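Residue numbers (my numbering): 7 to 106. We treat Cβ as the ideally placed atom computed from N, Cα and C, and that holds for glycine. Computed from a predicted structure; not experimentally measured. Notes for the one structure printed next.
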């Protein structure tokens, strides 16, 4: 099932270019890229193209958060339009640099 007419490309961390998921194969490919990261050790599931898991279990509004040692350290703006990726990256870099 192809759900998009003209896929767009999203760059993640300047290393990965992920096209809009137009078919389940696109989602599976993106999931494989994520799992290939050296420090990725979480279980990963992929939603159907009908977004059934999102419709049944998705939480709104979306928020990006950093949780460290069981404590919320950063809460981003309400998404998807008020995310500040640069702010979150800066915060994560600060945490990583402090932990060495």
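{"Item": "Segment limits, alpha helix (DSSP H) that includes residue 84", "Value": "Where residue 84 is concerned, there is no enclosing alpha helix (DSSP H), given that its DSSP letter is neither H nor E."}
{"Item": "Backbone secondary structure at residue 95 - three-state DSSP", "Value": "helix"}
{"Item": "Per DSSP, the bridge partner or partners of residue 71", "Value": "81"}
{"Item": "Proximity winner among 96, 32, 64, relative to residue 85 (alpha-carbon distances)", "Value": "64"}
{"Item": "Closest residue to residue 55 among 26, 77, 91, 78 (Cα-Cα distance)", "Value": "26"}
{"Item": "Secondary structure of residue 100, DSSP reduced to three states", "Value": "helix"}
{"Item": "The alpha helix (DSSP H) enclosing residue 36, as first and last residue numbers", "Value": "30-41"}
{"Item": "Contacts around residue 94, its chain only, beta-carbon distance under 8 Å, and the 5 residues preceding and following it disregarded", "Value": "70, 72, 80, 82"}
{"Item": "Neighbourhood of residue 41 by C-beta, 8 Å cutoff - its chain only, sequence neighbours within 5 removed", "Value": "50"}
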